[in-house]
Amino acid sequence: MRLSVIGCGYLGAVHAAAMASIGHEVVGIDVDERKIAQLSRGEAPFFEPDLQELLTAGIASGNLTFTTDMSAAQGAKVHFIGVGTPQQKDGYAADLTYVNAAVDGLLPYLSEGDLVAGKSTVPVGTAARLAESVTPTGATLVWNPEFLREGWAVQDTIDPDRLVAGVPSDANGATEEGERAASVLREVYHPSVAKNTPFIITDYATAELVKVSANAFLATKISFINAMAEIAEVTGADVTTLADAIGHDARIGRRFLGAGIGFGGGCLPKDIRAFAARAEELGRGESVAFLREIDAINLRRRDRAVDLVVQAFDGQVFKKNITVLGAAFKPHSDDIRDSPALDVAVRLHGLGAWVTITDPAAIENARRIHPQLNYVEDRDEALRGADAVIVVTEWDEYRRELPPEHAASLTNGHIVIDGRNCLDANAWRAAGWTYYGMGRP
Ligand code: UDX
Numbered sequence: 247m248r249l250s251v252i253g254c255g256y257l258g259a260v261h262a263a264a265m266a267s268i269g270h271e272v273v274g275i276d277v278d279e280r281k282i283a284q285l286s287r288g289e290a291p292f293f294e295p296d297l298q299e300l301l302t303a304g305i306a307s308g309n310l311t312f313t314t315d316m317s318a319a320q321g322a323k324v325h326f327i328g329v330g331t332p333q334q335k336d337g338y339a340a341d342l343t344y345v346n347a348a349v350d351g352l353l354p355y356l357s358e359g360d361l362v363a364g365k366s367t368v369p370v371g372t373a374a375r376l377a378e379s380v381t382p383t384g385a386t387l388v389w390n391p392e393f394l395r396e397g398w399a400v401q402d403t404i405d406p407d408r409l410v411a412g413v414p415s416d417a418n419g420a421t422e423e424g425e426r427a428a429s430v431l432r433e434v435y436h437p438s439v440a441k442n443t444p445f446i447i448t449d450y451a452t453a454e455l456v457k458v459s460a461n462a463f464l465a466t467k468i469s470f471i472n473a474m475a476e477i478a479e480v481t482g483a484d485v486t487t488l489a490d491a492i493g494h495d496a497r498i499g500r501r502f503l504g505a506g507i508g509f510g511g512g513c514l515p516k517d518i519r520a521f522a523a524r525a526e527e528l529g530r531g532e533s534v535a536f537l538r539e540i541d542a543i544n545l546r547r548r549d550r551a552v553d554l555v556v557q558a559f560d561g562q563v564f565k566k567n568i569t570v571l572g573a574a575f576k577p578h579s580d581d582i583r584d585s586p587a588l589d590v591a592v593r594l595h596g597l598g599a600w601v602t603i604t605d606p607a608a609i610e611n612a613r614r615i616h617p618q619l620n621y622v623e624d625r626d627e628a629l630r631g632a633d634a635v636i637v638v639t640e641w642d643e644y645r646r647e648l649p650p651e652h653a654a655s656l657t658n659g660h661i662v663i664d665g666r667n668c669l670d671a672n673a674w675r676a677a678g679w680t681y682y683g684m685g686r687p
């Protein structure tokens with residue numbers, strides 16, 4: 247099937263490449279000429295496992311092209327909208343400028359029976375509004391949220407755990423037009439349909455809410471365990487053992503109970519804020535008032551990590567050499583958007599510490615935004631002479647592949663702050679380190 251993907255950022259570029267890999271003929275469209283030139287050469291504009299291979303194969307097969315020319319969308323049967331919905335500059339609501347511009351720009355090129363499939367994360371009510379401009383063209387608007395995780399984006403796109411589509415509906419469920427749209431989407435996602443991946447067809451509002459509520463739930467789970475970490479800190483309890491124990495209850499589950507410096511990235515923080523802002527607009531602010539608390543708990547964990555470093559030096563971090571292991575908001579990513587890791591590093595620098603920071607993928611991005619920090623590519627080089635080490639992104643390079651004895655041989659002091667509770671505390675202690683975890687004695 248011929249597809250267009252409007253917006254070639256994180257979501258769009260991966261979606262375009264993944265759709266080409268399952269046999270579709272895809273054109274990716276973006277206003278950013280540099281990005282389009284890069285993608286056209288088969289170069290991934292960001293670090294994401296397997297994306298490079300998919301781009302190379304797609305371009306070589308002729309199934310995957312990129313352009314800045316919106317008219318290239320003409321003739322595609324489904325047009326995916328994958329542009330960003332960042333947090334507004336002067337508030338918490340989502341900025342829909344790019345979504346609106348993408349749909350407006352597409353309108354002249356739509357034909358009778360086309361689908362416009364929104365994938366961006368939007369405030370509930372957006373799809374119904376956009377449908378008003380799409381419907382007169384004879385095309386159908388659907389909302390098909392994306393649940394991919396960075397670092398697993400390719401896998402999550404090709405083999406998602408569920409598919410959701412909001413289609414035109416009335417009180418009896420999907421209309422005829424809605425049913426037709428759903429069957430086109432089933433053709434698009436044929437490998438998932440063949441393996442019986444749950445495919446939920448619903449109305450616009452539900453589809454939009456599925457996405458934001460999934461992210462809100464995940465954020466809540468992380469902040470819940472971080473709240474328990476705060477209690478553990480004043481009682482001498484160990485939050486990692488607590489998480490293991492409650493996680494054995496299948497109703498709770500152990501995943502996303504990793505206490506530490508909290509969540510960041512381009513999605514969870516902005517999405518819960520936008521959700522709270524939208525609920526306020528709808529007169530239901532109190533229904534999700536807890537999300538403010540989720541955000542507040544999350545941000546407090548960054549303070550806690552900084553405090554632990556300060557405590558470790560009896561209040562004096564000025565001119566101390568501190569090596570920060572990690573800059574990305576999570577491993578397997580070079581993304582530093584709202585990265586708790588980088589935030590902690592910047593704050594330590596602000597306190598007068600000499601901060602050296604390393605990361606296997608995110609240094610270039612971090613340096614661009616925070617040039618004041620000292621960046622060292624080589625992990626061991628970064629550790630050399632440190633008075634303390636803080637782990638803030640749980641890359642395998644730090645978690646599994648850094649023997650504490652080896653680290654001790656490189657550093658000056660032997661203080662380690664485990665901002666992700668990812669190290670083997672006993673092994674580090676046995677190697678002579680003073681170990682501080684998050685919510686651990
Ligand atoms: C998230 C959702 O998981 C995904 O479904 C949605 O489409 C986009 O937002 P992503 O931003 O890629 O994906 O990251 P995720 O793996 O969810 O992690 C988010 C943050 O939470 C990271 O900073 C991570 O370090 C943190 N986290 C995660 C914890 O602090 N503890 C945990 O137990 C899990």
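Counting from 247, one number per residue, gives the positions in the sequence shown under the numbering used here. Note that the Cβ used here is the ideal one computed from N, Cα and C, for glycine as well.
CB of I468 to nearest heavy atom of ligand 2: below 7 angstroms?
Summarising the ligand content, the structure contains ligand 1 and does not contain ligand 2.
Excluding the 5 residues preceding and the 5 following K749 in the sequence, name in chain order all residues of the same chain whose CB lies nearer than 6 angstroms to its CB.
This structure cannot speak to residue 749, because the chain is shown only from 247 to 687.
Starting from H325, trace the beta strand (DSSP E) in both directions and tell me its first and last residue.
By one-based count along the sequence shown, residue 325 stands at place 79. Here the beta strand (DSSP E) through H325 covers V324 to I327.
Cβ shell of H578 (< 7 angstroms), same chain only, five flanking positions each side left out
Your numbering for residue 578 matches position 332 in the sequence shown. Excluding residues within five positions, the ones whose Cβ falls inside 7 angstroms are P295 and G397.
Residue ranges of each beta strand (DSSP E) run of no fewer than 3 residues wholly in the segment 375-434, ordered along the chain?
386-389 and 409-412
Quick check: what's the CA-CA separation for L356 versus E640?
The residue given as residue 356 occupies position 110 in the sequence shown. The residue given as residue 640 occupies position 394 in the sequence shown. Cα to Cα, L356 sits roughly 45 angstroms from E640.
Between A587 and A574, is the Cβ-Cβ spacing less than 8 angstroms?
Reading the sequence shown from its first residue, position 341 is the one you call residue 587. Reading the sequence shown from its first residue, position 328 is the one you call residue 574. Yes, the pair counts as a contact, with Cβ atoms nearer than the cut-off.
Return yes when the C-beta of C513 is under 7 angstroms from any heavy atom of ligand 1, and no when it is not.
For this step, residue 513 is matched to residue 267 along the sequence shown. The answer is yes for C513.
Does the beta-carbon of G504, which I'm using as the reference point, lie nearer than 7 angstroms to any heavy atom of ligand 1?
Walking along the sequence shown from the start, residue 504 turns up at place 258. Yes - ligand 1 has a heavy atom lying nearer than 7 angstroms to the Cβ of G504.
Inter-residue CB distance, V430 and V324 (contact presumed, cutoff 8 angstroms):
Looking up residue 430 in the sequence shown gives position 184. Looking up residue 324 in the sequence shown gives position 78. About 6 angstroms separates the two Cβ atoms, so the contact holds.
Beta-carbon spacing of R538, G508 below 8 angstroms
Residue numbering aside, residue 538 sits at position 292 when the sequence shown is read from its first letter. Residue numbering aside, residue 508 sits at position 262 when the sequence shown is read from its first letter. It is not a contact, given that the beta carbons lie outside the stated cut-off.
Candidates A612, A551, K566 and L597: closest to D580 by CA position:
The residue you call residue 580 lines up with position 334 of the sequence shown. The residue with the shortest Cα to Cα distance from D580 is A612.
Start and end residues, beta strand (DSSP E) containing E539:
Numbered from 1 along the sequence shown, position 293 holds the residue referred to as residue 539. Counting along the chain, E539 falls outside any beta strand (DSSP E), though it belongs to the alpha helix (DSSP H) covering F536 to A558.
Please indicate yes or no: does the CB of R426 lie closer than 7 angstroms to some heavy atom of ligand 1?
Looking up residue 426 in the sequence shown gives position 180. Relative to ligand 1, R426 has its C-beta separated by 7 angstroms or more from all heavy atoms.
Cβ-Cβ distance between K467 and P391 below 8 angstroms:
Within the sequence shown, residue 467 is the residue found at index 221, counting from 1. Within the sequence shown, residue 391 is the residue found at index 145, counting from 1. No, they are not a contact pair.
Inter-residue spacing [alpha-carbon to alpha-carbon] between E647 and L503:
For the purposes of this step, residue 647 is taken as residue 401 along the sequence shown, with counting starting at 1. For the purposes of this step, residue 503 is taken as residue 257 along the sequence shown, with counting starting at 1. Approximately 23 angstroms, taken between the alpha carbons.
Between V260, L301, G572 and H660, which has its C-alpha nearest E610's C-alpha?
Reading the sequence shown from its first residue, position 364 is the one you call residue 610. With distances taken between Cα atoms, E610 lies closest to G572.
Hey, quick one: how far does the alpha helix (DSSP H) through F521 stretch, first residue to last?
Within the sequence shown, residue 521 is the residue found at index 275, counting from 1. Looking at the DSSP string, the run of the alpha helix (DSSP H) that includes F521 is L514 to E527.
For L514, does the count of other Cβ atoms within 10 angstroms reach 16, so buried, or fall short, so exposed?
In the sequence shown, residue 514 corresponds to position 268, counting from 1. By the neighbour-count rule (16 or more Cβ atoms within 10 Å), L514 is buried.
Rounded to whole angstroms, what's the CA-CA distance from L352 to F312? Just pull it up for me.
Numbered from 1 along the sequence shown, position 106 holds the residue referred to as residue 352. Numbered from 1 along the sequence shown, position 66 holds the residue referred to as residue 312. For L352 and F312, the distance between alpha carbons rounds to 16 angstroms.
Where I603 sits in the DSSP three-state scheme:
The residue given as residue 603 occupies position 357 in the sequence shown. It is a strand residue.
Going by beta carbon distance, what residues of the same chain come within less than 7 angstroms of A428, once the five residues before and after it are set aside?
Residue numbering aside, residue 428 sits at position 182 when the sequence shown is read from its first letter. Excluding residues within five positions, the ones whose Cβ falls inside 7 angstroms are A411, V413, A420 and I447.
Relative to ligand 1, is the shortest distance from any of its heavy atoms to the C-beta of G510 smaller than 7 angstroms?
Your numbering for residue 510 matches position 264 in the sequence shown. It does: the Cβ of G510 is within 7 angstroms (strictly closer) of some heavy atom of ligand 1.
N611 Cβ short of 7 angstroms to ligand 1 heavy atom set:
Numbered from its first residue, the sequence shown carries residue 611 at position 365. Not under cutoff, so the answer is no.
Out of E271, D315, A318 and G258, point me to the one whose CA is closest to P291's CA.
In the sequence shown, the residue the question calls residue 291 occupies position 45. Among E271, D315, A318 and G258, the Cα nearest to that of P291 is on G258.
Going straight from the alpha carbon of G659 to that of G531, what length do you get?
Translated into the one-based positions of the sequence shown, residue 659 becomes position 413. Translated into the one-based positions of the sequence shown, residue 531 becomes position 285. Straight-line measurement puts the Cα of G531 at about 49 angstroms from the Cα of G659.
Would you kindly check if the distance between the Cβ of I661 and the Cβ of A634 is under 8 angstroms?
Translated into the one-based positions of the sequence shown, residue 634 becomes position 388. Translated into the one-based positions of the sequence shown, residue 661 becomes position 415. In this structure, I661 lies closer than 8 angstroms to A634 by Cβ.
Three-state class that DSSP yields for G351 in the structure shown:
By 1-based counting over the sequence shown, the position of residue 351 is 105. Helix at G351.
Determine whether the beta carbon atoms of G665 and I636 lie at a separation below 8 angstroms.
Against the sequence shown, residue 665 aligns to sequence position 419. Against the sequence shown, residue 636 aligns to sequence position 390. Cβ distance < 8 angstroms, so G665 and I636 count as in contact.
Between the alpha carbons of T331 and G274, how many angstroms are there, rounded?
The sequence position of residue 331 within the sequence shown is 85, counting from 1. The sequence position of residue 274 within the sequence shown is 28, counting from 1. If I take the Cα positions, the gap works out to 18 angstroms.
Taking the beta strand (DSSP E) that I447 belongs to, which residues open and close that run?
Indexing the sequence shown from 1 puts residue 447 at position 201. That run of the beta strand (DSSP E) goes F445 to T448.
What would DSSP say about Y256, mapped onto helix, strand or coil?
Reading the sequence shown from its first residue, position 10 is the one you call residue 256. Correct three-state label for Y256: helix.
Name the two residues that bound the continuous alpha helix (DSSP H) containing G596.
Stepping through the sequence shown from its first residue, residue 596 is reached at position 350. Taken as a continuous stretch (DSSP letters only), the alpha helix (DSSP H) holding G596 covers P586 to G596.
Start and end residues, alpha helix (DSSP H) containing V439
Reading the sequence shown from its first residue, position 193 is the one you call residue 439. Boundaries of the alpha helix (DSSP H) harbouring V439: H436 to A440, taken from the DSSP string.
Tell me whether E454 counts as near ligand 1, meaning its Cβ is closer than 7 angstroms to at least one heavy atom of that ligand.
In the sequence shown, residue 454 corresponds to position 208, counting from 1. For E454, the shortest separation between its Cβ and any heavy atom of ligand 1 does not lie below 7 angstroms.
When every heavy atom of ligand 1 is checked, does at least one fall within less than 7 angstroms of the C-beta of N309?
Along the sequence shown, one-based indexing puts residue 309 at 63. Taking the Cβ of N309 as the reference point, every heavy atom of ligand 1 lies at 7 angstroms or farther away.
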